[in-house]
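Residue numbers for the sequence shown follow our numbering, so the first one is 10 and each next one is one higher. Yeah, the Cβ is synthetic: ideal placement off N, Cα and C, and Gly gets one too. Since the structure comes first, as structure tokens, the remarks are kept for the end.
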Amino acid sequence: MEFDLKKLLRTNILNLVPYSSARDEYKGEASVFLDANENSYGSPLSRNYNRYPDPMQQAVKAKLSLIKGVPIPNIFLGNGSDEAIDILFRAFCRPGIDNVILLPPTYGMYEVSANINDIQTKKVLLTPEYQIDMEGVAEAIDEYTKIIFVCSPNNPTANSINRSDIETLIANFSGLIVVDEAYINYSRQKTFIQELTEYGNLVVLQTLSKAWGLAGIRMGMAFASEEIIEVFNKVKPPYNINEASQQLALEALNNVDQVNDWIRELILQREQVISKLIELPFVLNIVPSDANFILVKMVDPLGVYRYLVNNGIITRDRSKVQLCEGCIRITIGTPEENVLLINTLMAYLKS
Ligand SMILES: Cc1ncc(COP(=O)(O)O)c(C=O)c1O
């Protein structure tokens, strides 16, 4: 399928002259910076944050590039992947005219971001096995469809979406396919970030909020062709990643081994929790999980949810969500937290 980025972009974005910051205009080494109206005296803190941060986050991207095996020009960093999702709408979708395809049950921000930007959403429910209804998607696509959002592993169902279906979509759709891989580190499936050279219409989202344990610093990533990343950079606020987050990310990215140890441990814990839960008579089903959470179908989900809350354990009630009827979503915690969860559920049984 022919892919033409210029045709897909909103005309105002195609013609946009981006803001040029003080740090964009002077890049050399200097000792006196009187160009950005900062406070040259410092910050009232033990560490100084009086200077604007690197707008392009070169140091963080250089480390990520090594870890991910993706060149720097193919990486965008956002204030969480939620910022990347919002930029996709603002750059590619004309309010009141264009639409995107969502595959519910899925991550809720795609719809919220679409609504904020006044973009119609066409929903094609996943199949009962939580896979893509390929015929339904083909029928839903029209000339105004700009983006299809695929979340894999999917939140809240925890399973991965069949790779061949995603490939079929990428190869046959003239708009963008966004593959949200927030939970990819826990998955048996391979990431799509190695396929960027093959597919010009692919955008892969990842985040430091999950396996990297950095939800608090707000850093998400989009991987795509250079020309798509240029669009992101044009539209983003100039200093979208603050200096403290950049410094903390740089520090954290040195600790890949710690993160990999946690991933291995979490997957072991996930399988243990599943094996314990499935023995409970009120647990009806657990979707095979490729993520750091599980979707559990129960006889009385609200009763269980409330019992857990009363015992200080918060899970996510998804029982009102279409195709998740009877389900609560449970994040896998530390071994101690998981034992507490199982013991509390056993106590619920006796209550
Ligand atoms: C599928 C999915 N994508 C993206 C996000 C948001 O990530 P971030 O913290 O990078 O904004 C989440 C968070 O729960 C998620 O589940």
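>> Quick check on DSSP: helix, strand or coil for V146?
In response: helix
> Between I128, M118, I156, P114, which lies nearest to E138 when the distance is taken from Cα to Cα?
Replying inline: P114
>> With a threshold of 8 Å on Cβ separation, who are the neighbours of P255 within its own chain once the five nearest residues in sequence on each side are excluded?
In response: The sequence given here places Gln at residue 255; Pro does not occur at that position. Around Q255: P62, D63, Q66, A68, V69.
>> According to DSSP, simplified to helix, strand and coil, what is F201?
In response: coil
>> Out of N126, V159, N352, which one is the CA nearest neighbour of K132?
In response: V159
> Whole-angstrom Cβ separation of I341 and L289, contact assumed at under 8 Å?
Replying inline: Their Cβ separation, rounded to whole angstroms, is 16 Å, which puts I341 and L289 out of contact at 8 Å.
> Hey, quick one: how far does the beta strand (DSSP E) through I76 stretch, first residue to last?
Replying inline: That residue, I76, is in no beta strand (DSSP E); its alpha helix (DSSP H) goes 67–77.
> Which residues have a Cβ closer than 5 Å to any heavy atom of ligand 1, listed in chain order?
Replying inline: G89, S90, D91, Y116, C160, N164, D189, A191, T216, S218, G229
> Taking one C-beta from the region 164–184 and one from the region 325–339 each time, how about it: are there three or more such pairs within less than 8 Å?
Replying inline: yes
> Under 8 Å between the Cβ atoms of M230 and L73?
Replying inline: yes
> When we look at the beta-carbon of Q331 and count the other beta-carbons within 10 Å, is it buried (16 or more) or exposed?
Replying inline: exposed
>> Let's test the definition: count the other Cβ atoms within 10 Å of the Cβ of N210 and tell me whether it reaches 16, buried, or not, exposed.
In response: buried
> With respect to the beta strand (DSSP E) encompassing V296, which residues constitute its N-terminal and C-terminal limits?
Replying inline: First-last for V296: undefined, no H or E at that position.
> Would G51 be called buried (16 or more neighbouring beta carbons within 10 Å of its own) or exposed?
Replying inline: exposed
>> Going residue by residue through the region 51–137, where are the continuous alpha helix (DSSP H) segments of at least 4 residues, counting only ones entirely within it?
In response: 67–77, 90–101, 118–125
>> When you compare the region 172–183 with the region 139–146, are there three or more beta-carbon pairs, one atom per stretch, that lie closer than 8 Å?
In response: yes
>> Check for me: the beta strand (DSSP E) holding I226 runs from which residue to which?
In response: I226 -> no beta strand (DSSP E), and no H or E assigned at all.
>> Give me the residue from L293, E239, Y357 with the minimum Cα distance to I22.
In response: E239
>> From the DSSP secondary-structure annotation, give me the bridge partner or partners of Q215.
In response: M230
>> Rounding to the nearest angstrom, what Cα-Cα distance links S328 and L97 in this structure?
In response: 30 Å
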